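Written out below as structure tokens is the structure these notes cover.
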Amino acid sequence: MITTRSFSMADNGSKDTQKSPIKIRFKAMKNGYQSIYLDCYHDGRRSYEYLKLYLVPETDDKTARLNATAMRKAEAALKVRLRELKKLPPSNKRLTQDNISQNDFTLSEWLVRFKEIQRSRGVKDLYAIDRLLNIFAAMGNGGIQLKAVDKDFCLSFMEYLKTGYKTADGRQLKSKTVFNRQCTLVTALNAAVREGLIPFNPMDRLSRHERAKTSKGKREYLTIDEVKALVATPCKREDIKQAYLFACNCGLRLGDVRKLKWRDIAKDGDKWMLSVLMNKSEKPVHIPLGVQARRWLPKRNSADADSLVFGELPRDSHINAHLKMWTAKAGITKAVTYHTSRHTFATMLLTLGADLYTVSKLLGHSQIKNTQIYAEIINRRKDEAVNLADKAFD
Numbered sequence: 001m002i003t004t005r006s007f008s009m010a011d012n013g014s015k016d017t018q019k020s021p022i023k024i025r026f027k028a029m030k031n032g033y034q035s036i037y038l039d040c041y042h043d044g045r046r047s048y049e050y051l052k053l054y055l056v057p058e059t060d061d062k063t064a065r066l067n068a069t070a071m072r073k074a075e076a077a078l079k080v081r082l083r084e085l086k087k088l089p090p091s092n093k094r095l096t097q098d099n100i101s102q103n104d105f106t107l108s109e110w111l112v113r114f115k116e117i118q119r120s121r122g123v124k125d126l127y128a129i130d131r132l133l134n135i136f137a138a139m140g141n142g143g144i145q146l147k148a149v150d151k152d153f154c155l156s157f158m159e160y161l162k163t164g165y166k167t168a169d170g171r172q173l174k175s176k177t178v179f180n181r182q183c184t185l186v187t188a189l190n191a192a193v194r195e196g197l198i199p200f201n202p203m204d205r206l207s208r209h210e211r212a213k214t215s216k217g218k219r220e221y222l223t224i225d226e227v228k229a230l231v232a233t234p235c236k237r238e239d240i241k242q243a244y245l246f247a248c249n250c251g252l253r254l255g256d257v258r259k260l261k262w263r264d265i266a267k268d269g270d271k272w273m274l275s276v277l278m279n280k281s282e283k284p285v286h287i288p289l290g291v292q293a294r295r296w297l298p299k300r301n302s303a304d305a306d307s308l309v310f311g312e313l314p315r316d317s318h319i320n321a322h323l324k325m326w327t328a329k330a331g332i333t334k335a336v337t338y339h340t341s342r343h344t345f346a347t348m349l350l351t352l353g354a355d356l357y358t359v360s361k362l363l364g365h366s367q368i369k370n371t372q373i374y375a376e377i378i379n380r381r382k383d384e385a386v387n388l389a390d391k392a393f394d
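Count the sequence shown with UniProt numbering and you get residues 1 to 394, in order.
Below is the structure:
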């Protein structure tokens, strides 16, 4: 058994530790382990960060050393988060149009706060915000006031991305990377608008020709037969298999699956409904859950309404690595990532005859043109099928 005295420093330690806005906590697991996580309370908001660190029952010196190592890593993570918290501007209360001019946030300060907001929402991969901070530091413009970010600044930022910024090995950014950095800034500024810090997103003032563009690329998806092959193929991580096949039948993004709780799933008579606020758009979406989607829900057992449906899934890169091995074992040669499940859901519905408007609503798209690309994929498949028939008579 793990003694409370050995690992109580974060919760029962000194007076200074008690006042800390971030504390180390422990959550008991069914296998007897304890999951270590950070409990952060700042500006009236509580958020949790699971560290993927665990305490195991101490049975010998080896397990005692493992626990000590895990605690050292947890304490190091705590110190990092405390340093990040100190960099945040003092308050995140909404400002009115009349007092926006009193805001003294710099762009870099807002990006640090935005990173914390994203983390509190359960977003795992925050490296894109760090990359953006590095770019502004290289530009020498990170200290610009958030309220001073205008169209001219955005134009200079885009020009710097395309021609001025160099990677560590001296190369210019690829067009896809430029597009991704632009998207991160747009998202961060949209969040600033929602928080009342700026009246509008200045990136919206750029014309279509002034913004970075990227090719549509190939949207990989699985056919129904390929999904069946995955169902029949074992995966080393059953939770990843369940989460992926669940998304193939409801279209949720990985970020939304991560934060899905049992209270988000309701039954009315013989109908099941999933209702979530989507991470990307922050818009509510309501999705009927059919038999195939419910098939991949883990057993709830005694889990309460606020428990995560799929538990603590690993980071995105680990999930995609397992998907690669699993799909290869199933004989699928396509480049599959978790997001492929969303494409699979959309193309599967359209293939089976669902109309574009309905699919758009199920995906949570704000504009039907975002769904149109899936219809184009289906049409291309039809053209390819006809061409195959033509070639048979050559």
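We put the CB at the ideal spot given by N, CA and C, even for glycine.
Keep in mind the model is a prediction, meaning the values are calculated, not measured.
Less than 8 Å separating the beta-carbons of Ile129 and Leu111?
Closer than 8 Å, so yes.
Apart from the five residues just before and just after Val359, which ones in its own chain have a Cβ nearer than 8 Å to its Cβ?
The answer, listed in chain order, is Ala346, Leu349, Leu350, Thr371, Tyr374.
Which value, in whole angstroms, describes the spacing of the CA atoms of Gly176 and Leu161?
Before going further, note that residue 176 is Lys rather than Gly in the sequence given. Computed Cα separation, rounded: 11 Å.
Who are Glu49's beta bridge partners in DSSP?
Paired residues: Leu38.
Using only the alpha-carbon positions, how far apart do Pro21 and Lys79 sit?
About 11 Å.
In chain order, which alpha helix (DSSP H) runs of at least 4 residues are fully inside the stretch 108-178?
As far as the stretch 108-178 is concerned, its whole alpha helix (DSSP H) runs of at least 4 residues are 127-139, 151-159.
Looking at the strands, I want to know which residues DSSP matches up with Arg25.
Tyr37, per the DSSP bridge assignment.
Quick test of your reading: Leu197 and Phe105, contact by CB under 8 Å. State the CB separation rounded to the nearest angstrom.
That pair is a contact at about 6 Å.
Considering only C-alpha positions, which residue in the set Ala148, Ile377, Ala243, Leu352 is nearest to Asp316?
Asp316 has its Cα closest to that of Ala243, out of Ala148, Ile377, Ala243, Leu352.
Name the residue from Thr333, Ile378, Lys334, Thr340 whose alpha carbon lies nearest to the alpha carbon of Asp355.
Answer by Cα proximity: Ile378.
Beta carbon of Val149, beta carbon of Pro202: below 8 Å?
Against a cut-off of 8 Å, the Cβ pair of Pro202 and Val149 comes out as a contact.
Using the C-alpha atoms, what's the distance from Pro199 back to Gln97?
Only weak support exists for where Gln97 lies, its pLDDT of 38 falling under 50; the coordinates are left without a value.
Do Leu53 and Lys73 come within 8 Å of each other at the CB atom, strictly closer than that value?
Yes, these two residues count as a Cβ contact at 8 Å.
Got a sec, what are the start and stop residues for the beta strand (DSSP E) Ala247 sits in?
Premise fails: Ala247 lies in the alpha helix (DSSP H), 238-248, not in any beta strand (DSSP E).
Buried or exposed for Ile368, going by 16 or more other Cβ atoms inside 10 Å?
When all chains shown are included, Ile368 counts as exposed.
So the alpha helix (DSSP H) Ser360 belongs to, where does it begin and stop?
That run of the alpha helix (DSSP H) goes 356-363.
Glu84 and Glu116 - do their beta-carbons sit closer together than 8 Å?
Contact: yes.
In the structure shown, what three-state DSSP assignment does Met203 receive?
Three-state DSSP puts Met203 in a helix.
In chain order, which continuous runs of the alpha helix (DSSP H) of length 4 or greater are located wholly inside the stretch 250-302?
For the stretch 250-302, whole alpha helix (DSSP H) runs of length 4 or above, ordered along the chain, are 254-259, 291-295.
Should Ala266 go down as buried or exposed, given a rule of 16 or more other Cβ atoms within 10 Å for buried?
Under this definition Ala266 is an exposed residue.
Using a threshold of 8 Å, state whether the C-beta atoms of Gly251 and Leu362 are closer than that.
A contact, by the Cβ cut-off of 8 Å.
Which residue from Gly140, His318, Gln118 puts its Cα closest to that of Ile240?
Out of Gly140, His318, Gln118, His318 has the C-alpha closest to the C-alpha of Ile240.
Any idea which residues DSSP pairs Thr106 with across the strands?
Gln145.
Run the CB neighbour count on Ile332, radius 10 Å, all protein chains shown included, and call it buried at 16 or more, exposed below.
Counting Cβ neighbours within 10 Å, Ile332 comes out buried, since at least 16 surround it.
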